[in-house]
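Chains as they are written, first to last, in the numbering used here: chain A, 5 to 462; chain B, 5 to 462.
We put the CB at the ideal spot given by N, CA and C, even for glycine.
Report on one structure; see the data block that follows.
Structure below.
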């Protein structure tokens, strides 16, 4: 038997190959046509769990895509139990969205691998499994008890996860949780995320005329739904970029000066913004920095808008229906239910009498914050000293991981997110990518993190 | 040989069968995937033209879909020459758009035939050909010289037609033109359209970030293009329903009181509007009746709007791009070029500095008016006495037939539209349909129309 880091080093090519294999399975969890592929990804993971020596491997059904569970509880009663969460579902992707190579055939260019889900979140699935494999196969052994929970509906807003966690409360009981979903801004700046925005996502659908109409024959007498949805969406923000929904900011806890200064430290430079975003000009709520607007302030985004004919050429139609997909990112102490109620009431109020309005909720999750002095945060801070040249910074993030709020609420677990994708990973967009050297650094850091957790508890 | 009306009566089942055959060919002229079908429709028509005894049958190429030409010039130098225009291309249609039966497999229910293009405009293609066939095969013979011009790009805004007409100016020379594209409001109310709205159609595309972004990571720092397109579209109309583009109404010729009263006669009742449109409430420019708003006032319609993720489920994306397809219906004396310049300049002006804007023009056509005392209008008025119980009403229509303005400009031809679909034909929408008895009435009326044209000229 070898030292755990030697084991990881000796098997690095195979580990990477396994990541590539998993990315090849197009587990687009929200797409009914990809249901079989999504299940295949779950089975691939369960097989690997069995192979590396985890116990009680199970593909547990939900009303949607199943969760994959496994554990290893042989570290002893004195050792802490760590629940590791990740998700195996990915965002939709088509070559025609602007990919330079098949999104489901990972391709390496200059030390970077391209493929849908390679950053979000399959790298983290593989990194945590391979860290566990290395510890279990090494001479040191694994110093903590492990429970894995990999879900298949994160990209769809985890609609069934809260109920699932309530149903399996006993099995999932642990001392802390690692949320293996997220990443770093830069390859040389380790970062610990201590706060995450929450989310509430929904769809508003409007119906005007009973059927699509000819715009020449009827144009002038009908409030065109493609126009109405635009007029409604345009009323959701004020001219200055703030959200126009009355009361939207009421529950937002403002940062004190010290925390504001800490957040400022990790502010994106204009150059970084230009490189990652590249729009002609930045935009947002006045009076807040880029870091604050994306981390500690709530937002309301239009994730999709549609009405009428959008194919090639032209069609002189007045559509019967139109819709918008909307999500709000929330910060402490906003409550998803209250915001949903507030925003949908406002939308009903601004809807003109010329259309019918209906809503469909797609998912939600509360915003969270983890104490900076908790053992899990401190263990991660120490783990980041291996391979990394500078101290980890503490950061708030704009993304939402609904599971975190649920784990805090239902199991009362301190959680910390862990991940090694970079700001330019292009998650959710075309050419999603992952740096190969970050993958290997991630495995080592995760091994050390688990060791430090054990050390902190002994 | 038989009397012309007996011939039409004896062959009515075959005539109808030919209409069904032509509708089965999915000649969606704007869809590159339907290019072969579109050409097949042109060939089908050319074959029938040869069969019924027309001469000089030719499928004449354009930069897009070809036009089909044929003539019969044996009525003598003294007889008038009538140019008959129709189009063989149809709007896109998918069963999933809300059709109750396959749009390209015509299905009869209660004396009504359902199929894409059966009203707009294949019924008129067949009616004019079958009227010509009946006259040519009858004992009376055909009293006028005939030229047929069937185009394949009307639903795409006839981009190549003006150039085509200039190129074939000599061949197309005639004394008048029948624009076989249009319809009636009700089965028992014949109607002569003496004015048509013009059109200018284009697409506005905006680009913000260089790639699609994760709305959690970047939300708050980017002016989301799906939101921007909505905000821009919302500025195109005023709250009261009038168009907000400065100067848009400047060239509109207001109706005098007498013509306004004439137009009012054909105003749609609220009950008819409810039945045909059925939105919760009507809408439009204040101070004008339904008939005026759809016939004698210009409009600006959003025919399509799109940005971001619009599939099943949810995707937390900030899209890089968004777009809207827009068309303006114009009335005398608005000029399409001037309106295009005016509207696109305004859109550039209201575009925020956070996006790039580009335009693509899809087509245009000037508004037209035909003198009520012209021989062609008077001949049609007399033709409508056959089979119809009341006098034809004179009406302005909201639809646009770009060819009409071109024929007036290039060939200086008086034109009159002719067609026998009804207001509830659902053209451009799902379940487009055609009343079988209107088809047979249409053949007879067209025969009589051509005879009355000859009588008026002798």
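6 Å CB neighbourhood of residue 102(A) in its chain, flanking five on each side removed: 434
Short CB-CB distance (under 7 Å) between residue 227(A) and chain B: yes
Proximal residues to residue 46(A) (C-beta, below 7 Å), its chain only, five neighbours per side dropped: 63, 70, 72, 92, 156
Residues near residue 365(B) in its chain [Cβ-Cβ closer than 6 Å; skip 5 each side]: 206
Host beta strand (DSSP E) of residue 438(A) (start-end): 437-439
Minimum length 4: unbroken alpha helix (DSSP H) runs contained in the segment 252-331 of chain A: 261-269, 274-280, 294-299
Beta carbon of residue 328(B) nearer than 7 Å to that of residue 237(B): yes
Contact between the segment 309-325 of chain B and the segment 298-314 of chain A (3+ Cβ pairs under 8 Å): yes
Which listed residue (177(B), 294(B), 280(B)) has its alpha carbon closest to that of residue 269(B): 294(B)
Which of helix, strand or coil DSSP assigns to residue 42(A): helix
Per DSSP, cross-strand counterpart(s) of residue 153(A): 73(A), 89(A)
Rounded separation between residue 134(A) and residue 450(A) - CA only: 9 Å
DSSP beta-bridge partners of residue 203(B): 333(B), 369(B)
Classification of residue 462(A) by the beta-carbon crowding that lies within 10 angstroms, buried from 16 upward: exposed
When 339(A), 129(A), 36(A) are compared against residue 25(A), the one with the closest alpha-carbon: 129(A)
Alpha carbon of residue 75(B) to alpha carbon of residue 35(B), nearest angstrom: 29 Å
Any chain A beta carbon closer than 7 Å to residue 179(B): no
Within 7 Å, strictly: CB atoms of residue 289(B) and residue 224(B): no
Residue 401(B) vs residue 291(B) beta-carbon contact at 7 Å: no
The beta strand (DSSP E) enclosing residue 399(A), as first and last residue numbers: 397-401
Straight-line gap, residue 390(B) to residue 137(B) (C-alpha atoms, nearest Å): 19 Å
Neighbouring residues, chain A, relative to residue 434(B) (Cβ below 7 Å): 215, 216
Test: residue 287(A) CB closer than 7 Å to a CB of chain B: yes
Presumed contact (8 Å Cβ cut-off) between residue 166(A) and residue 410(A), rounded CB distance: 5 Å
Near-chain B residues of the segment 292-303 of chain A (beta-carbon distance less than 7 Å), N- to C-terminal order: 294, 297, 298, 301, 303
Meets three-Cβ-pair contact criterion under 8 Å: the segment 111-127 of chain A and the segment 424-438 of chain A: yes
Beta-carbon gap between residue 232(A) and residue 210(A) smaller than 7 Å: yes
Cβ of residue 340(B) within 7 Å of any chain A Cβ: no
Beta-carbon neighbours of residue 277(B), restricted to chain A and to distances below 7 Å: 225
Validate contact between the segment 338-346 of chain B and the segment 345-355 of chain A using beta carbons, cut 8 Å, 3 pairs: no
Residue 361(A) beta carbon less than 7 Å from that of residue 2(A): Because chain A spans 5 through 462 in this model, residue 2(A) falls outside it and cannot be assessed.
Entirely enclosed alpha helix (DSSP H) segments - the segment 14-62 of chain A, minimum 4 residues: 16-27, 39-56
Contacts of residue 246(B) in chain A (Cβ-Cβ under 7 Å): Here the premise fails: no neighbours, minimum Cβ distance about 11 Å.
Beta-bridge pairing of residue 211(B) - partner residues as DSSP gives them: 325(B), 360(B)
Of the residues 199(A), 57(A), 154(A), the one placed nearest residue 371(A), counting alpha carbons only: 199(A)
Nearest neighbour of residue 354(A), chosen from 413(A), 13(A), 443(A), 240(A) [CA to CA]: 240(A)
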